[in-house]
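Our numbering runs 39 ahead of the 1-based position in the sequence shown. Positions of the beta carbon are idealized from the N, C-alpha and C atoms, including for glycine. Computed from a prediction, not measured in an experiment: that's the story for all the values here. Just below is one structure, and these are the notes that go with it.
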Amino acid sequence: PPDGSPSCSVLPAMNYSSLNLTCSWPGGLPPPSLRWTTNLLAQGGAWLGGEGAWPANNVSVLQSGSQTSNNSLFTCLGIHPALNTSTQCTARAWSPYGEPVCSAYAPGKNQYLLLSCSWEGGSPRAVVWWEVPKEEGRGQEVETSNILVLRSNSTQNGQAYTCYAKHPLDTRTRTCSLVPVSKPYILLSDASPAEGSSVWLRCGLENGTEPLFFVWEHETYNGLVSTVSQGNRRVFNMTEVNRNQTGWYRCGARNQVNQERSDRIWLDIIFGPDIPKIDVTPYSVTDRGYSAQERQAVSLLCQAQSNPPSQYVWFYNNSQVYTGPQFTITRILRMNTGTYACQAQNTYLNTRSLKTINLTVYYPPDGSPSCSVLPAMNYSSLNLTCSWPGGLPPPSLRWTTNLLAQ
40 PPDGSPSCSV LPAMNYSSLN LTCSWPGGLP PPSLRWTTNL LAQGGAWLGG
90 EGAWPANNVS VLQSGSQTSN NSLFTCLGIH PALNTSTQCT ARAWSPYGEP
140 VCSAYAPGKN QYLLLSCSWE GGSPRAVVWW EVPKEEGRGQ EVETSNILVL
190 RSNSTQNGQA YTCYAKHPLD TRTRTCSLVP VSKPYILLSD ASPAEGSSVW
240 LRCGLENGTE PLFFVWEHET YNGLVSTVSQ GNRRVFNMTE VNRNQTGWYR
290 CGARNQVNQE RSDRIWLDII FGPDIPKIDV TPYSVTDRGY SAQERQAVSL
340 LCQAQSNPPS QYVWFYNNSQ VYTGPQFTIT RILRMNTGTY ACQAQNTYLN
390 TRSLKTINLT VYYPPDGSPS CSVLPAMNYS SLNLTCSWPG GLPPPSLRWT
440 TNLLAQ
């Protein structure tokens, strides 16, 4: 008889659509008789080459089908005339668990992208292969390896990279895909929110295999760019927005395969007006406010932070006198003394703010001082009188000291 016992193996056949069952028991004279036991048929398998009968040879091809078990035990029976009893060997085949898994990795300086596909478990091992998206002027390409190497800039078209997996016990061809992220776009709840309100920005994405990672950037008026949010949430919420958050916003999206950035979108925060600031030219301050010399040109400039820019209205003693930021009196007179108020208006928000100042116009008395000398104290003394009526403030009068020297 041959030495030992039969040896069994199960291998894929016919492009992984069937199982090749091989049973061998070398040696012996005459050669042993080998056959697969009929309980294999009871498991629902169908062999190629016959209808309803089991092949007597030691090599058989078993088609996978809807009746093929996902976990099958195959037994080969060996018989030899020199042995009183038969001997056997077994081989097991089972399908991988779950579904194929796709992953991507960018080594080194991200010049290349490695796409990996696996469908672990199962015996015999499943076969996997990649299908490369169509490129312009070229057809579909197939990469028979479980690793697909791409240049990092070759994923810009947003098409899927699909891995196919096949096992002899499974009638279906399983797949997993890696889809590059498409160019994001931004949805904005309110492009012109009022200061203090809430706003959300959503990073829209047509394609892209998860997990996805999002980055939000803010660019100010002067071009300063900062990251304001990042993570796996595509919505960026802004509560109680303020004027400093006005500017350009852009979102970036990335996954294992690639990354893309959206176009910029402008967020215009509406605010104001703040309390106005009034600048008086020429500048002269007193304890009662501002002052000016009669017949001077006086300019009043009103400024209030506001978006959109404020509209300005000037009032003199509660009566409207001018519209615009700068109110100029080319030749101011004493009758122009009084209260000046600037009202700033935000026509978008229908809000107002007011600033009031006092302006006093100084003017000299008419003519020149008038002097008189009269007797006093029963003609024992002189009463020197100097007067200069009018003027604001009243003029300062004093006798010169050379009088005392005499």
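DSSP places Ser392 inside the beta strand (DSSP E), whose first and last residues are 390 to 401. Per DSSP, reduced to three states, the secondary structure at Asn441 is helical.
Under a 10 Å Cβ-count criterion, Thr201 is classified as buried, with 16 or more other Cβ atoms of the shown protein chains found around its own Cβ. In this chain, Leu244 is not harboured by any beta strand (DSSP E), its DSSP state being neither H nor E. Here Lys222 is actually not in contact with Val166; their C-beta atoms are around 35 Å apart, not less than 8 Å. Counting the other CB atoms within 10 Å of its CB gives Ser435 a total below 16, which places it among the exposed residues.
Beta bridge pairing from DSSP links Ser134 with no other residue.
Straight-line spacing of the CA atoms in Ala132 and His257 works out to 58 Å.
Within the model, the alpha-carbon separation for Asn397 versus Arg334 is close to 18 Å.
Between Leu153 and the set Ser191, Val280, Leu50, the nearest pair of CA atoms involves Ser191. Secondary structure at Asn294: coil, using DSSP grouped into helix, strand and coil. Partner residues in the beta bridge of Ile317, as assigned by DSSP, are Cys341. In summary, Arg370 is exposed, with fewer than 16 beta-carbon neighbours lying within 10 Å of its beta-carbon over all protein chains present. Arg282 carries a helical assignment under DSSP once its states are collapsed to helix, strand and coil.
DSSP places Gln335 in no beta strand (DSSP E); its state is neither H nor E. For Asn276, the uninterrupted beta strand (DSSP E) run begins and ends at 274 to 277, by DSSP. Taking each of Thr61, Lys394, Val360, Arg293 in turn and checking the Cα distance to Val100, the smallest one comes out for Thr61.
Sequence-distant Cβ neighbours of Thr378 in its own chain, meaning closer than 7 Å and more than five residues away, are Asn356, Thr395, Asn397.
It is roughly 9 Å from the alpha-carbon of Gln102 to the alpha-carbon of Tyr55. With contacts defined as CB atoms closer than 8 Å, Pro321 and Ala343 fail to qualify as a contacting pair. Below 8 Å, too few C-beta pairs join the stretch 425 to 435 and the stretch 347 to 361 to call them touching: fewer than three.
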